[in-house]
Structure formats: C-alpha cells, structure tokens
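Student: Structure incoming, see below.
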Amino acid sequence: MTNINKKLITNYTKLHFVVILYGFTAILGKLITLPAPQMVWYRMIIAFLVLGGYLWYKKMPIAIGTVNILKLMGIGLVVAFHWITFFHAVKISNVSVTLGCMASTTLFASFLEPIIFRKRIKWVEVLIGLVIILGLYLIFQFELTYWKGIITALISAFLAGLFTVLNKIYIDKYHPVTISFYEMLSGFISIGIFLMIIEVLPNNLLIPTNSDIIYILILGIVCTAYAFVVAVDVMKVLSAYTVVLAINMEPVYGILLAFFIFGQSEFMSAGFYLGTLVILAAVFLHPILLRFQKKQP
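And the structure:
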C-alpha cells in the first residue's frame, strides 16, 4: 500500500469517527440531566477554553478586528440557540426524531444561501427541497405524538442552516478554529445573560451530577472542540464534497447508536424510517446533482 493510500484511509477513518461523534452528541443530550440552556452554557465555555488553548499552542493569531469579532459573535448567538433547540428537542421527543428532522438542514441552507448572497435559486435545490418536504410530511404523518419535538428540531435545523451559510462569509478569511473560538465565547456570554434574566444565575444554577460532569466534558472537549479541529484537519487531504457526504451520515449513526443504547424508547414506526430515508436520500443526492449540473454546458 502506497503512502498516499495510507494517508487517504487514515483521513477517511478520522472523518467517519468525527461524524460518529456528531451523532453521539444527541445521545449525550439525552443522558445529561441538565436543562438544555444550562447544558449548552457549560458546553460552550468548555469548547471556548479548549479552542483558545489550541490557538495558543499553535501560536495562531486571534486579532481579526473589532467589527469582525462582533459579527462572528452575532453568528455565535445563532449557534447557541441552535444547540439549545436541538437538545430541547431531544429531551421532549427522542434522539431518532430529532436527528431525522435535523437532516432537513440542507433544505434550509439551500434557500437561505441565495437570499443572503443574493444568488439565483437553483432548480436542483428546489427539487431536493420538495423531496425533503415529502420526507418531513411522512415523519409528521406517523409520529404526531412527538409534534412538539419535531417542530423544535425543525427550528434547530433552520438555525443550523442559517449559521452554516453565515459562516461562509468568513471561512475564506479566517481559520475555522478562530471563527469557532469567538462563536463559542459569544454563546457562553449570551446564554449567561439569558440565565441571569430568568434568575437561574447565579443562585439557581443546577450543579451537574458526577455523571453529568463526565458527559459534559465529553460533549465540550471530544464532541465539540476535538471533533471540529479534526474535521478541519482532514479537509487538507479530502475534498469538501467528500466531507459533506460523510457528515450526511450523522443522523444514521446517531439513530443506530440511540437504538442500541436506549433500546425500545427509540424504536419508531415504519413511516418514520421511510420519511427519514427519503430525507437522507435527498441530502446525498444534493451534491451529486450539483456536480452533474456544473458539468452541463
């Protein structure tokens, strides 16, 4: 085996491990007993400190100008509310429902990007959007018991699409770790202010149990900071197209993990799995159809 092949295999392995960690995030959200805002508050300060340590260790500059820092911190607000709604959806429904709906992030991103960047909407993205809507209809049709969780997860998916598109403005200007550093700081501060307004901070903040502490550390260090740094690193070898395709496996890995860990509580109707498969098929077809469209004269 050549060194190039070994390097490719190593990076493919790293990438899929990261995607498994992304899927495992929802599992941790169900295991941690804290309310979603407090859980995300702890997660973001841990991730902020770890990413800050990484930037310091690598001697990477963090000075990007006050205006740009404020704009990134604005995106950090979106990230914070995305995570809060994501974990709240897990708590009021289950992991499978939340991840099934989160696969619709592509739909929201495909419509938000033309609006924000003032581009023309592509027919491919309209088609993919219609297929995803069909998948969501199937999920709603068969899992009405979880309608609150479905709506909350869809709000989270919309926010995920929004911050993904907004990050594109800066991804070519600054290192992704620097971007995340300021976004994590913003989320920590903004959630802290919110917790003070509702009088959770400083006196009514729930102290994590021993198991919660372990899960939160895994969430903040392994599933957030580490996973993000590795995801950026593998893009030095693998194409963005390959990375996007792999990340689309997150709901699959997460739903499988949830079924094995939580058992019967994660078992859904055949209609739910059909709807999820329709959404995932659309998500996988999206980059393939875009490539096909670009090759057309």
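In the UniProt record's numbering, the protein residues as written are 1 to 297.
Just so it is clear, CB atoms sit at the ideal spot from N, CA and C, and this is done for glycine as well.
Predicted, not measured: the structure shown is a model, and the values here were computed from it.
Ignoring anything shorter than 4 residues, give me the alpha helix (DSSP H) runs that lie fully in the UniProt domain "EamA" (18–140), in order along the chain.
Tutor: Correct list: 36–57, 66–92, 95–102 and 105–117.
Student: Quick check on the DSSP output: what are the complete alpha helix (DSSP H) runs of length 4 or more inside the UniProt domain "EamA" (147–285), in order along the chain?
Tutor: DSSP runs (the alpha helix (DSSP H)) wholly in the UniProt domain "EamA" (147–285): 147–171, 176–197, 210–217, 227–234, 240–247 and 250–262.
Student: Let me confirm a value: residue 137 is counted as buried when at least 16 other C-beta atoms fall within 10 Å, else exposed. Which label applies?
Tutor: Numbered from 1 along the sequence shown, position 137 holds the residue referred to as residue 137. Exposed is the call here.
Student: Candidates 222, 160 and 144: which alpha carbon is nearest residue 75's?
Tutor: The residue given as residue 75 occupies position 75 in the sequence shown. Ranking 222, 160 and 144 by Cα distance to residue 75 puts 160 first.
Student: Could you tell me which of 99, 217, 36 and 57 sits nearest to residue 250, measuring between CA atoms?
Tutor: Mapped onto the sequence shown, residue 250 falls at position 250. Closest option to residue 250, Cα to Cα, is 99.
Student: Rounded to whole angstroms, what's the CA-CA distance from residue 84 to residue 17? Just pull it up for me.
Tutor: Locating residue 84 in the sequence shown gives position 84, where the first residue counts as 1. Locating residue 17 in the sequence shown gives position 17, where the first residue counts as 1. Rounded to the nearest angstrom, the two C-alpha atoms are 24 Å apart.
Student: Rounded to whole angstroms, what's the CA-CA distance from residue 14 to residue 199? Just pull it up for me.
Tutor: Residue mapping note: residue 14 aligns to position 14 of the sequence shown, counting from 1. Residue mapping note: residue 199 aligns to position 199 of the sequence shown, counting from 1. Rounded to whole angstroms, residue 14 to residue 199 spans 42 Å at the Cα level.
Student: Tell me which residues share the same chain as residue 175 and place their Cβ nearer than 7 Å to its Cβ, disregarding the 5 neighbours each side in the sequence.
Tutor: Your numbering for residue 175 matches position 175 in the sequence shown. The residues are 60.
Student: How long is the line joining the alpha carbons of residue 261 and residue 139, rounded to whole angstroms?
Tutor: In the sequence shown, counting from the first residue as 1, residue 261 sits at position 261. In the sequence shown, counting from the first residue as 1, residue 139 sits at position 139. So the alpha carbons of these two residues sit roughly 22 Å apart.
Student: Look at the Cβ atom of residue 220, then the Cβ atom of residue 42, and state whether they are nearer than 9 Å.
Tutor: Translated into positions along the sequence shown, residue 220 becomes position 220. Translated into positions along the sequence shown, residue 42 becomes position 42. Cβ distance < 9 Å, so residue 220 and residue 42 count as in contact.
Student: Rounding to the nearest angstrom, what Cα-Cα distance links residue 53 and residue 45 in this structure?
Tutor: Taking the first residue of the sequence shown as position 1, residue 53 is located at position 53. Taking the first residue of the sequence shown as position 1, residue 45 is located at position 45. Each residue's alpha carbon lies about 12 Å from the other.
Student: Measure the Cβ-Cβ separation of residue 201 and residue 48 and say whether it is below 9 Å.
Tutor: Counted from its first residue, the sequence shown places residue 201 at position 201. Counted from its first residue, the sequence shown places residue 48 at position 48. The answer is no: Cβ separation not under 9 Å.
Student: Excluding the 5 residues preceding and the 5 following residue 231 in the sequence, name in chain order all residues of the same chain whose CB lies nearer than 6 Å to its CB.
Tutor: Along the sequence shown, read from residue 1 onward, the residue named residue 231 stands at position 231. So the list reads 18, once near-sequence residues are dropped.
Student: Suppose contacts are defined by Cβ-Cβ distances below 9 Å. Is residue 103 in contact with residue 26 by that definition?
Tutor: Within the sequence shown, the letter at position 103 stands for residue 103. Within the sequence shown, the letter at position 26 stands for residue 26. No, Cβ-Cβ distance for residue 103 and residue 26 is not below 9 Å.
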